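Engineer: Which chain is which? The protein sequence lines are A and B, in order.
Sequential numbering of the first sequence, starting at 1, is according to the numbering used here.
Sequential numbering of the second sequence, starting at 464, is according to the numbering used here.
Glycine is no exception: its CB is placed at the ideal position from the N, C-alpha and C atoms.
Values in this document were obtained by computation on a predicted structure and should not be read as measured data.
Protein chains: 2
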Amino acid sequence: MTAPELGEAALAALREAFGESLSTAGAVLDAHGRDESGLEFARPGAVLFARGEEDVVRLLALAREFAFPVVPFAAGSSLEGQLIPPPGALSLDLSGLTGIVEVCPAGFLAVVEPGVTYPQLNRALRPHGLFFPVDPGAEATLGGMASTNASGTAAVRYGTTRENVLALRVALADGRVLSLGSRARKSSAGYDLRHLFLGAEGTLGVITQLTVRLWPLPAHRAALRGAFPDVTAAADAAARVMGAALQPERLELMDAQGLRAVNRHLGRAFPEVPTLWAELTGPSGAALEEALSLCAELFRDAGARDVQVARGAAELEGLWEARHQAFYALRALYPGEVFLSTDLCVPLHELAGVIAFTGAQLQEAGLDASVLGHVGDGNFHVLFHAPAGDTGTWERIGVTYDRMVAETLRVGGTCSGEHGVGLHKRRFLRAQHGEALDLMREIKALLDPLNILNPGKVLPDER
Amino acid sequence: MTAPELGEAALAALREAFGESLSTAGAVLDAHGRDESGLEFARPGAVLFARGEEDVVRLLALAREFAFPVVPFAAGSSLEGQLIPPPGALSLDLSGLTGIVEVCPAGFLAVVEPGVTYPQLNRALRPHGLFFPVDPGAEATLGGMASTNASGTAAVRYGTTRENVLALRVALADGRVLSLGSRARKSSAGYDLRHLFLGAEGTLGVITQLTVRLWPLPAHRAALRGAFPDVTAAADAAARVMGAALQPERLELMDAQGLRAVNRHLGRAFPEVPTLWAELTGPSGAALEEALSLCAELFRDAGARDVQVARGAAELEGLWEARHQAFYALRALYPGEVFLSTDLCVPLHELAGVIAFTGAQLQEAGLDASVLGHVGDGNFHVLFHAPAGDTGTWERIGVTYDRMVAETLRVGGTCSGEHGVGLHKRRFLRAQHGEALDLMREIKALLDPLNILNPGKVLPDER
Numbered sequence: 001m002t003a004p005e006l007g008e009a010a011l012a013a014l015r016e017a018f019g020e021s022l023s024t025a026g027a028v029l030d031a032h033g034r035d036e037s038g039l040e041f042a043r044p045g046a047v048l049f050a051r052g053e054e055d056v057v058r059l060l061a062l063a064r065e066f067a068f069p070v071v072p073f074a075a076g077s078s079l080e081g082q083l084i085p086p087p088g089a090l091s092l093d094l095s096g097l098t099g100i101v102e103v104c105p106a107g108f109l110a111v112v113e114p115g116v117t118y119p120q121l122n123r124a125l126r127p128h129g130l131f132f133p134v135d136p137g138a139e140a141t142l143g144g145m146a147s148t149n150a151s152g153t154a155a156v157r158y159g160t161t162r163e164n165v166l167a168l169r170v171a172l173a174d175g176r177v178l179s180l181g182s183r184a185r186k187s188s189a190g191y192d193l194r195h196l197f198l199g200a201e202g203t204l205g206v207i208t209q210l211t212v213r214l215w216p217l218p219a220h221r222a223a224l225r226g227a228f229p230d231v232t233a234a235a236d237a238a239a240r241v242m243g244a245a246l247q248p249e250r251l252e253l254m255d256a257q258g259l260r261a262v263n264r265h266l267g268r269a270f271p272e273v274p275t276l277w278a279e280l281t282g283p284s285g286a287a288l289e290e291a292l293s294l295c296a297e298l299f300r301d302a303g304a305r306d307v308q309v310a311r312g313a314a315e316l317e318g319l320w321e322a323r324h325q326a327f328y329a330l331r332a333l334y335p336g337e338v339f340l341s342t343d344l345c346v347p348l349h350e351l352a353g354v355i356a357f358t359g360a361q362l363q364e365a366g367l368d369a370s371v372l373g374h375v376g377d378g379n380f381h382v383l384f385h386a387p388a389g390d391t392g393t394w395e396r397i398g399v400t401y402d403r404m405v406a407e408t409l410r411v412g413g414t415c416s417g418e419h420g421v422g423l424h425k426r427r428f429l430r431a432q433h434g435e436a437l438d439l440m441r442e443i444k445a446l447l448d449p450l451n452i453l454n455p456g457k458v459l460p461d462e463r
Numbered sequence: 464m465t466a467p468e469l470g471e472a473a474l475a476a477l478r479e480a481f482g483e484s485l486s487t488a489g490a491v492l493d494a495h496g497r498d499e500s501g502l503e504f505a506r507p508g509a510v511l512f513a514r515g516e517e518d519v520v521r522l523l524a525l526a527r528e529f530a531f532p533v534v535p536f537a538a539g540s541s542l543e544g545q546l547i548p549p550p551g552a553l554s555l556d557l558s559g560l561t562g563i564v565e566v567c568p569a570g571f572l573a574v575v576e577p578g579v580t581y582p583q584l585n586r587a588l589r590p591h592g593l594f595f596p597v598d599p600g601a602e603a604t605l606g607g608m609a610s611t612n613a614s615g616t617a618a619v620r621y622g623t624t625r626e627n628v629l630a631l632r633v634a635l636a637d638g639r640v641l642s643l644g645s646r647a648r649k650s651s652a653g654y655d656l657r658h659l660f661l662g663a664e665g666t667l668g669v670i671t672q673l674t675v676r677l678w679p680l681p682a683h684r685a686a687l688r689g690a691f692p693d694v695t696a697a698a699d700a701a702a703r704v705m706g707a708a709l710q711p712e713r714l715e716l717m718d719a720q721g722l723r724a725v726n727r728h729l730g731r732a733f734p735e736v737p738t739l740w741a742e743l744t745g746p747s748g749a750a751l752e753e754a755l756s757l758c759a760e761l762f763r764d765a766g767a768r769d770v771q772v773a774r775g776a777a778e779l780e781g782l783w784e785a786r787h788q789a790f791y792a793l794r795a796l797y798p799g800e801v802f803l804s805t806d807l808c809v810p811l812h813e814l815a816g817v818i819a820f821t822g823a824q825l826q827e828a829g830l831d832a833s834v835l836g837h838v839g840d841g842n843f844h845v846l847f848h849a850p851a852g853d854t855g856t857w858e859r860i861g862v863t864y865d866r867m868v869a870e871t872l873r874v875g876g877t878c879s880g881e882h883g884v885g886l887h888k889r890r891f892l893r894a895q896h897g898e899a900l901d902l903m904r905e906i907k908a909l910l911d912p913l914n915i916l917n918p919g920k921v922l923p924d925e926r
């Protein structure tokens with residue numbers, strides 16, 4: 001199915017309908033032509049700054065009438081090319097829809113517009129002793145997070161965005177606006193259509209409102225950092241923690257490469273060995289101390305040479321510094337280079353093996369890249385980097401990437417743990433899903449027969 | 464769309480294909496003509512005892528060819544008429560598919576056939592220190608639990624069946640068998656089609672294999688039981704527990720009526736007042752004691768007059784006795800009567816109000832019924848009972864039930880928290896879902912254009 005395009009008649013109708021909310025200014029088009037993946041750039045034909053759900057519905061009516069593609073956009077922080085407009089597309093900017101419609105502390109829920117960022121929501125929740133736990137980084141919006149099923153470091157304890165969205169309002173390509181889900185925490189009342197739109201990257205509908213689940217802020221928090229002789233020992237420690245029902249809030253792994261970058265960039269002296277972080281919480285200080293001792297013991301049993309403990313905000317910040325700064329340190333060490341992050345997720349017991357496989361592949365290809373992992377989930381990232389024009393290196397990166405994905409699928413994993421598919425991962429979907437990919441296409445054809453919703457994303461071009 | 468029927472030619476072809484696995488014996492047909500809801504009875508035209516996925520695929524080919532309906536069946540414990548065959552249907556009995564294909568302790572996952580019951584799975588997991596936490600009661604099978612998105616008392620901590628199924632194999636009406644999901648704990652790789660089939664009650668496909676998520680058995684466990692002056696105080700205590708990040712394993716409410724029944728039936732002397740149970744676990748004994756003290760304090764703050772604590776298996780059994788025996792006690796007190804359980808779920812802060820509304824409605828209608836609740840989830844049941852032929856009482860029950868559902872939907876809840884829709888809840892789906900119900904119909908037409916998969920369930924007849 002070829003994608004339609006935005007023509008002059010359509011632009012005139014859009015100007016008529018939306019006036020100043022529509023922009024074709026060069027700088028605005030530029031700002032909507034890239035995401036954080038940094039590999040593609042393509043200007044949209046126009047940008048609409050939506051002022052509310054009605055604008056979305058009206059826009060989709062014009063998109064049907066004039067047959068042009070619509071690409072939902074908000075923070076611009078997607079990592080797989082989700083926001084790159086196909087030729088002549090309209091970029092639908094939802095970042096202005098920042099209304100926190102309702103906070104219901106007693107019901108542990110909030111209703112938000114799609115342009116609300118998770119830090120903005122958490123600032124509003126703090127006075128109530130509650131928080132929204134999904135933390136993908138950047139200033140991601142709830143609409144974008146729902147569209148890619150984003151997660152982050154706290155998913156090991158609280159689940160991904162998917163598990164924390166109770167209800168959605170979604171504008172369909174055909175003009176309908178549906179309410180999906182309820183305010184109740186669980187439901188068995190008919191097909192759960194929420195999940196079709198969560199992770200669909202704007203290809204099946206446009207999310208116009210979200211009802212999200214909130215969690216109580218833990219009263220007591222502490223963290224441990226362990227230095228391990230090798231990645232296998234660190235992965236073993238992680239498995240022990242997960243098996244001990246310690247319910248860590250976070251469980252993060254970083255290889256020696258990341259720590260070297262931090263030491264060089266910030267002048268620190270962290271041990272340049274595979275490092276594991278665990279964050280724990282408890283309903284009381286004493287309960288937390290018990291959990292900390294047990295966790296430290298598990299770290300040591302698995303071979304940790306050095307275990308540091310942090311309590312209180314300042315100490316926690318220090319303990320986590322290397323993990324938080326790794327991405328910036330690596331960027332700073334290779335100024336001007338392009339970074340590409342993989343995002344694979346495997347069953348927990350396969351993680352050490354897949355990371356070892358990855359290390360061997362990196363060595364064979366002569367690539368220098370770091371490994372970071374949300375290890376409690378089996379999710380890990382390899383941060384590749386090279387100058388944009390260094391085609392030789394980018395080719396080797398491509399080959400290595402493909403081998404890593406093949407190994408991930410061989411052990412039953414997924415080609416995307418949290419970043420989504422966008423443009424970059426489409427080529428892996430047939431291998432991962434087999435015939436289920438055909439049903440995905442049938443669902444797409446049912447919901448978007450004119451192919452106006454973010455065409456060319458998620459589903460591969462196979463012919 | 465009218466449902467097709469099983470004719471003589473179809474029966475001959477079925478006998479030819481399946482031999483002894485096909486039965487039309489009267490006792491077998493009788494056993495497949497009812498579920499635990501007890502309101503309907505209708506014999507299927509035949510029963511196929513499937514021996515594997517190939518039988519399911521072959522059966523569906525014949526169902527297409529001869530246009531007869533197929534109703535998946537396993538434990539027979541559904542509560543909303545899900546298993547009642549439409550005229551001339553074939554009942555597809557999957558209860559013989561009891562293979563535990565794989566237990567992978569290090570990956571916290573198991574692969575099972577759909578006829579495996581959750582107690583059977585948990586017996587196989589115990590030696591590994593793991594368990595599957597969803598406990599809907601009866602000897603429910605994993606296939607049935609997935610098909611209704613069943614939950615139970617532990618969903619407050621571990622989620623429902625939906626959150627604990629990593630992957631599915633599903634046989635479609637058109638002959639395809641799809642693998643959905645992966646062995647990884649999370650994924651953002653395309654549309655998540657698992658969730659279409661979870662809770663679809665066999666109307667979109669037949670589940671032939673499940674990969675489920677396992678959890679470590681908590682090392683230390685204890686429980687509290689509090690006696691409260693009224694339901695509002697007990698609901699308030701539940702809200703405090705949920706707000707304190709205590710992460711109870713269970714949080715259950717029962718009204719005075721249920722305790723009276725237990726006392727009369729078993730000769731006990733439990734205080735006949737609204738009662739709240741909380742079960743807590745911890746990574747160490749000391750951590751658990753801390754959590755217990757805090758929870759008891761929250762119970763007392765909310766007005767509990769008496770708080771009992773139990774530690775160890777025997778004490779726990781005693782503490783939970785009234786809750787576990789309530790259903791049997793009520794059945795025993797009204798021998799020969801038919802029981803009907805509602806299954807509503809509301810946001811936590813609305814629970815006390817909806818239960819109070821329910822109490823007023825019961826009183827107005829002169830009905831004697833008990834209220835039980837998975838209160839941490841906002842899920843509660845009213846157990847109605849009356850002699851089958853007492854049409855006057857059943858009419859008043861019907862009116863009361865409808866008013867309870869209307870109030871539930873008014874506060875943003877759902878007409879089914881865990882039992883599903885089947886035949887009984889279909890009439891509420893338009894009010895609950897609005898236009899989203901039309902999209903459910905479109906999905907059904909896409910996946911089952913001949914309407915052979917459990918026709919007449921979930922989706923209401925509106926014309």
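Name the DSSP bridge partner or partners of A:L62?
Structural biologist: Counting from 1 along the first sequence, the entry for residue 62 of chain A is found at position 62. DSSP, once it has assigned bridges, lists no residue as partnering A:L62.
Engineer: Between which two residues does the beta strand (DSSP E) harbouring B:D769 extend?
Structural biologist: Here residue 769 of chain B is taken as the residue at index 306 of the second sequence, counted from 1. Here the beta strand (DSSP E) through B:D769 covers D769 to R774.
Engineer: What are the residues that DSSP puts in a beta bridge with A:S339?
Structural biologist: Along the first sequence, read from residue 1 onward, the residue named residue 339 of chain A stands at position 339. For the sequence presented, residue 339 of chain A should be read as Phe rather than Ser. A:F339 is bridged to A:H385.
Engineer: With 16 as the cutoff for other CB atoms within 10 Å, does B:G748 come out buried or exposed?
Structural biologist: For the purposes of this step, residue 748 of chain B is taken as the residue at position 285 of the second sequence. Classification for B:G748: exposed.
Engineer: Residues in its own chain within less than 6 Å of A:G33 by CB, not counting five upstream and five downstream?
Structural biologist: Residue 33 of chain A sits at position 33 when you count from the first residue of the first sequence. Excluding sequence neighbours, A:G33 sits near F41, A42 and R43.
Engineer: My understanding is that A:S23 touches A:R51, with C-beta atoms under 8 Å, so please give their C-beta distance in whole angstroms.
Structural biologist: Counting from one through the first sequence, the residue named residue 23 of chain A turns up at place 23. Counting from one through the first sequence, the residue named residue 51 of chain A turns up at place 51. Their Cβ separation, rounded to whole angstroms, is 13 Å, which puts A:S23 and A:R51 out of contact at 8 Å.
Engineer: Can you tell me the Cα-Cα spacing of B:S804 and B:G861, whole angstroms?
Structural biologist: Here residue 804 of chain B corresponds to residue number 341 of the second sequence, with the count starting at 1. Here residue 861 of chain B corresponds to residue number 398 of the second sequence, with the count starting at 1. Cα to Cα, the separation comes out at about 12 Å.
Engineer: Please classify A:A445: is it buried, with 16 or more other beta-carbons within 10 angstroms of its beta-carbon, or exposed?
Structural biologist: Against the first sequence, residue 445 of chain A aligns to sequence position 445. Burial check for A:A445: the Cβ neighbour count within 10 Å stays below 16, so the residue is exposed.
Engineer: Compute the Euclidean distance between the alpha carbons of A:G359 and A:D30, then round it to the nearest angstrom.
Structural biologist: Reading the first sequence from its first residue, position 359 is the one you call residue 359 of chain A. Reading the first sequence from its first residue, position 30 is the one you call residue 30 of chain A. Rounded to whole angstroms, A:G359 to A:D30 spans 37 Å at the Cα level.
Engineer: Taking CB distances under 8 Å as the criterion, tell me whether B:P711 reaches chain A.
Structural biologist: Counting from one through the second sequence, the residue named residue 711 of chain B turns up at place 248. No, no contact with chain A.
Engineer: Under 8 Å, do B:V619 and B:L714 count as touching if we go by C-beta distance?
Structural biologist: Looking up residue 619 of chain B in the second sequence gives position 156. Looking up residue 714 of chain B in the second sequence gives position 251. A contact, by the Cβ cut-off of 8 Å.
Engineer: I think B:L593 touches B:L680, with their Cβ atoms under 8 Å apart; what is that distance to the nearest whole Å?
Structural biologist: Position 130 of the second sequence, counting from 1, holds the residue named residue 593 of chain B. Position 217 of the second sequence, counting from 1, holds the residue named residue 680 of chain B. Yes, they are in contact, since the Cβ atoms of B:L593 and B:L680 sit about 6 Å apart, within 8 Å.
Engineer: Kindly indicate if chain A contains any beta-carbon less than 8 Å away from that of B:Q895.
Structural biologist: Position 432 of the second sequence holds residue 895 of chain B. Chain A contact via Cβ: present.
Engineer: Applying the 10 Å Cβ sphere with the 16-neighbour rule, what's the burial state of B:V564?
Structural biologist: One-based indexing of the second sequence puts residue 564 of chain B at position 101. B:V564 should be labelled exposed.
Engineer: Whose C-alpha, out of B:L743, B:A750, B:E760 and B:V694, is nearest the C-alpha of B:V736?
Structural biologist: By one-based count along the second sequence, residue 736 of chain B stands at place 273. Ranked by Cα distance from B:V736, the options B:L743, B:A750, B:E760 and B:V694 are led by B:V694.
Engineer: Nearest to B:R684 by alpha carbon, out of B:G721, B:E742, B:A698 and B:G570?
Structural biologist: Here residue 684 of chain B corresponds to residue number 221 of the second sequence, with the count starting at 1. Among B:G721, B:E742, B:A698 and B:G570, the Cα nearest to that of B:R684 belongs to B:E742.
Engineer: Under the three-state reduction of DSSP, which class applies to B:I670: helix, strand or coil?
Structural biologist: As a first step, residue 670 of chain B must be located in the second sequence, where it is residue number 207. Note: B:I670 maps to strand in three-state DSSP.
Engineer: For B:K907, which three-state DSSP category applies?
Structural biologist: The count along the second sequence starts at 1 and reaches residue 907 of chain B at position 444. Secondary structure at B:K907: helix, using DSSP grouped into helix, strand and coil.
Engineer: Taking 8 Å as the threshold, find out whether the segment 640-652 of chain B comes into contact with the segment 411-421 of chain A through three or more Cβ pairs.
Structural biologist: In short, these stretches touch, since the Cβ pair count reaches three.
Engineer: Cutting at 7 Å between CB atoms, please list the residues of its own chain near A:A506, excluding the five before and the five after it.
Structural biologist: A question about residue 506 of chain A goes unanswered here, because the residues of chain A that appear run from 1 up to 463.
Engineer: Are three or more beta carbon pairs between the segment 791-800 of chain B and the segment 722-738 of chain B nearer than 8 Å?
Structural biologist: yes
Engineer: Would A:G205 and A:R162 be called neighbours here (beta carbons separated by less than 8 Å)?
Structural biologist: On the first sequence, position 205 is the one that residue 205 of chain A refers to. On the first sequence, position 162 is the one that residue 162 of chain A refers to. No.
Engineer: What number of angstroms, rounded off, separates the C-alpha of A:A261 from the C-alpha of B:C878?
Structural biologist: Here residue 261 of chain A refers to the residue found at position 261 when the first sequence is read from its first residue. Here residue 878 of chain B refers to the residue found at position 415 when the second sequence is read from its first residue. A:A261 and B:C878: Cα-Cα distance of roughly 55 Å.
Engineer: Mind checking if A:E418 is an interface residue toward chain B, Cβ cutoff 8 Å exclusive?
Structural biologist: In the first sequence, counting from the first residue as 1, residue 418 of chain A sits at position 418. Interface residue, yes.
Engineer: Residues bridged to B:C951 by DSSP?
Structural biologist: The shown model of chain B, from 464 to 926, leaves out residue 951 of chain B, and the question about it has no answer.
Engineer: In the DSSP output, what is B:T604 paired with across the bridge?
Structural biologist: As a working mapping, residue 604 of chain B is identified with position 141 in the second sequence. Paired residues: B:T580.
Engineer: Ignoring anything shorter than 3 residues or poking outside the segment 626-656 of chain B, list the beta strand (DSSP E) runs there in chain order.
Structural biologist: 628-634 and 640-644
Engineer: Within the continuous alpha helix (DSSP H) that includes B:L560, where are the two ends?
Structural biologist: Translated into positions along the second sequence, residue 560 of chain B becomes position 97. Counting along the chain, B:L560 falls outside any alpha helix (DSSP H), and DSSP gives it neither H nor E.
Engineer: Ignore the nearest five residues each way along the sequence and tell me which others in A:T160's own chain have a CB closer than 6 Å to its CB.
Structural biologist: If you number the first sequence from 1, residue 160 of chain A lands on position 160. Contacts found: N149 and S151.
Engineer: Closer than 8 Å by C-beta to B:L970: which residues in its own chain qualify, once you throw out the five before and the five after it? Chain order, please.
Structural biologist: The requested residue 970 of chain B does not occur in the structure, where chain B is confined to residues 464 to 926.
Engineer: Thinking B:D598 and B:A617 are a contact (beta carbons under 8 Å), I'd like their distance in whole angstroms, please.
Structural biologist: Against the second sequence, residue 598 of chain B aligns to sequence position 135. Against the second sequence, residue 617 of chain B aligns to sequence position 154. About 5 Å separates the two Cβ atoms, so the contact holds.
Engineer: With distance defined between alpha-carbon atoms, name the residue in B:P577, B:G559 and B:G799 nearest to B:G606.
Structural biologist: Taking the second sequence and counting its residues from 1, the one referred to as residue 606 of chain B is at position 143. Cα-wise, what sits closest to B:G606 is B:P577.
Engineer: Flag A:V375 as yes if its beta-carbon sits less than 8 Å from any beta-carbon of chain B, otherwise no.
Structural biologist: Locating residue 375 of chain A in the first sequence gives position 375, where the first residue counts as 1. Closer than 8 Å: no.
Engineer: Who are the near neighbours of A:V170 in its chain, counting only those whose CB is closer than 6 Å to its CB and skipping five residues on each side?
Structural biologist: Here residue 170 of chain A refers to the residue found at position 170 of the first sequence. The answer, listed in chain order, is L178, F197, G205 and I207.
Engineer: Could you check whether the Cβ of A:P229 sits closer than 8 Å to any Cβ belonging to chain B?
Structural biologist: One-based indexing of the first sequence puts residue 229 of chain A at position 229. With 8 Å as the cut-off, A:P229 does not count as an interface residue toward chain B.
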